[in-house]
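Numbering (the UniProt record's numbering), first residue to last: 1 to 299.
Below: the structure, in structure tokens.
See the structure below:
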């Protein structure tokens, strides 16, 4: 007898195409999802297969939702416009990502535990951090990476922020950095930034953002110890003293400005002795790009 021959057939693409046709299709639909003002025909089997969160919601006897024909989902405002894309991904495995939509999709992927979509979003974000100041969303993405415990995205965002502080402090989301993360940045000596004065001005913008004005004095006390005032040039210290903000909160700045002026009044030898006797991050340079912090050598 002749040996039995076998042949592998892969029609997975056609199978996926057929499943994708069920997206928002009343055919065989056994659950309706309500998100904002939109309603989506859905299928419990596909939802539960893609997400263990949906599985619990739709099949567990402990969830009232499991016996309902209609499920109202409460989603953040940024997620509502992209929920259709998220749901289509569950049916088709395909999605289009952009800087405007990726965070909302990541929030949904994290909430409903769709790990493959979460990985795709994090990978996209890590590869699209570079951009002009008015476009980059490194701060927002970094803070969400911390919240959803995505170590790879955290590292990518933090590395970008540290190496591009001049861009980051000009971005719209700079002022939405929370206090804890701001202080973590201010503690770093590897920040690449024009000057300490530039960093001080950025912190003032952060302090005076409308959303946190009610906590201004508390935030001043928390952040000022991490500004390296001795690293600010005397002419910039003087300029800052003339600002309306410094005059309004002079009692907070006075001891730091005095210490900075005293440091600049010392000789080179005196500065060495002073910093040796009073070890402090205050006297450590960051990676300043201003020429005043450079060494000029004539050859």
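We treat Cβ as the ideally placed atom computed from N, Cα and C, and that holds for glycine.
**Request:** Measure the C-alpha to C-alpha separation of residue 29 and residue 46 and round it to an integer number of angstroms.
**Result:** Translated into the one-based positions of the chain shown, residue 29 becomes position 29. Translated into the one-based positions of the chain shown, residue 46 becomes position 46. Whole-angstrom Cα-Cα distance: 10 Å.
**Asked** Terminal residues of the continuous beta strand (DSSP E) containing residue 38?
**Response** Looking up residue 38 in the chain shown gives position 38. First-last of the beta strand (DSSP E) with residue 38: 38-42.
**Item:** C-beta contact flag for residue 192 and residue 163 at 7 Å
**Value:** As a working note, residue 192 is residue 192 in the chain shown. As a working note, residue 163 is residue 163 in the chain shown. In contact: residue 192 and residue 163 (Cβ atoms closer than 7 Å).
**Request:** Please classify residue 110: is it buried, with 16 or more other beta-carbons within 10 angstroms of its beta-carbon, or exposed?
**Result:** Taking the first residue of the chain shown as position 1, residue 110 is located at position 110. Result: buried.
**Request:** Kindly indicate the opening and closing residues of the beta strand (DSSP E) around residue 33.
**Result:** The residue you call residue 33 lines up with position 33 of the chain shown. Its beta strand (DSSP E) spans residues 31-35.
**Separation of residue 290 from residue 241, as counted between CA atoms** = As a position in the chain shown, residue 241 is number 241, starting the count at 1. As a position in the chain shown, residue 290 is number 290, starting the count at 1. Their backbone Cα atoms lie some 21 Å apart in a straight line.
**Request:** List the endpoints of the continuous beta strand (DSSP E) containing residue 70.
**Result:** To locate residue 70, count along the chain shown from 1; it is residue 70. 70-73 is the extent of the beta strand (DSSP E) around residue 70.
**Item:** Straight-line gap, residue 284 to residue 53 (C-alpha atoms, nearest Å)
**Value:** Counting from one through the chain shown, the residue named residue 284 turns up at place 284. Counting from one through the chain shown, the residue named residue 53 turns up at place 53. Distance between the alpha carbons of residue 284 and residue 53: 49 Å.
**residue 26 burial status per 10 Å Cβ neighbour count (16 or more: buried)** = Here residue 26 is taken as the residue at index 26 of the chain shown, counted from 1. Exposed, by the Cβ-count rule.
**Message:** I believe residue 253 touches residue 204 by the beta-carbon criterion, under 8 Å. Please report the beta-carbon distance rounded to the nearest angstrom.
**Reply:** Start at 1 with the first residue of the chain shown, and residue 253 comes out as number 253. Start at 1 with the first residue of the chain shown, and residue 204 comes out as number 204. Residue 253 to residue 204, Cβ: 10 Å. No contact.
**Prompt:** Just reading off the alpha helix (DSSP H) that residue 228 is part of, what are its end residues?
**Reply:** By one-based count along the chain shown, residue 228 stands at place 228. Run containing residue 228: none; DSSP gives neither H nor E here.
**Request:** Provide the residue(s) that pair with residue 162 in DSSP beta bridges, ordered along the chain.
**Result:** Translated into positions along the chain shown, residue 162 becomes position 162. Looking at the DSSP assignment, residue 162 forms no beta bridge with any residue, so it has no partner.
**Message:** Can you tell me where the alpha helix (DSSP H) holding residue 96 begins and where it ends?
**Reply:** Here residue 96 refers to the residue found at position 96 of the chain shown. Unbroken run through residue 96: none, as it is neither H nor E.
**Request:** Taking residue 281 and residue 228 to be in contact with their CB atoms under 8 Å, please state how far apart those CB atoms are, rounded to whole angstroms.
**Result:** Numbered from its first residue, the chain shown carries residue 281 at position 281. Numbered from its first residue, the chain shown carries residue 228 at position 228. Residue 281 to residue 228, Cβ: 7 Å. Contact.
**Request:** Report yes or no: do three or more beta-carbon pairs, one from the segment 67-76 and one from the segment 87-99, lie closer than 8 Å?
**Result:** no
**Distance, residue 13 Cα to residue 93 Cα** = Counting from 1 along the chain shown, the entry for residue 93 is found at position 93. Counting from 1 along the chain shown, the entry for residue 13 is found at position 13. So the alpha carbons of these two residues sit roughly 11 Å apart.
**Item:** Cα-Cα separation, residue 78 to residue 293
**Value:** Position 78 of the chain shown, counted from the first residue, corresponds to residue 78. Position 293 of the chain shown, counted from the first residue, corresponds to residue 293. Approximately 43 Å between the Cα atoms of the pair.
**Request:** Inspect the beta-carbon positions of residue 157 and residue 174 and report whether they are closer than 7 Å.
**Result:** Residue 157 sits at position 157 when you count from the first residue of the chain shown. Residue 174 sits at position 174 when you count from the first residue of the chain shown. No, the pair does not count as a contact, with Cβ atoms beyond the cut-off.
**Prompt:** Given that a residue counts as buried once 16 or more other Cβ atoms are within 10 Å of its Cβ, and exposed if not, what is residue 61?
**Reply:** One-based indexing of the chain shown puts residue 61 at position 61. Burial call: exposed.
**Request:** Indicate whether residue 82 and residue 105 have their beta-carbon atoms separated by less than 7 Å.
**Result:** Counting from one through the chain shown, the residue named residue 82 turns up at place 82. Counting from one through the chain shown, the residue named residue 105 turns up at place 105. Cβ distance < 7 Å, so residue 82 and residue 105 count as in contact.
**Prompt:** Start and end of the alpha helix (DSSP H) containing residue 126?
**Reply:** Against the chain shown, residue 126 aligns to sequence position 126. That run of the alpha helix (DSSP H) goes 115-127.
**Request:** Would you list the one or two residues that DSSP bridges to residue 288?
**Result:** By one-based count along the chain shown, residue 288 stands at place 288. According to DSSP, which records beta bridges pairwise, residue 288 is partnered with 193.
**Asked** If you follow the alpha helix (DSSP H) that residue 20 is part of, which residue opens it and which one closes it?
**Response** Reading the chain shown from its first residue, position 20 is the one you call residue 20. Looking at the DSSP string, the run of the alpha helix (DSSP H) that includes residue 20 is 12-20.
**Message:** Is it buried or exposed, residue 137, if we count other Cβ atoms within 10 angstroms and call 16 or more buried?
**Reply:** In the chain shown, the residue the question calls residue 137 occupies position 137. Its Cβ being crowded by 16 or more others within 10 Å, residue 137 is buried.
**Reference residue 223; option with closest CA among 180, 51, 40, 212** = As a position in the chain shown, residue 223 is number 223, starting the count at 1. Answer by Cα proximity: 180.
**Asked** Is the CB-CB distance between residue 237 and residue 257 below 7 Å?
**Response** Sequence index remark: in the chain shown, residue 237 carries index 237 (1-based). Sequence index remark: in the chain shown, residue 257 carries index 257 (1-based). Cβ atoms of residue 237 and residue 257: closer than 7 Å.
**residue 101: first and last residue of the uninterrupted alpha helix (DSSP H) it sits in** = Stepping through the chain shown from its first residue, residue 101 is reached at position 101. Note, residue 101: premise wrong, no alpha helix (DSSP H); not H, not E.
**Request:** Within its chain, find whatever has a CB closer than 8 Å to the CB of residue 84; leave out the 5 residues flanking it on each side and keep chain order.
**Result:** Residue numbering aside, residue 84 sits at position 84 when the chain shown is read from its first letter. Closer than 8 Å at Cβ, skipping near neighbours: 24, 38, 40.
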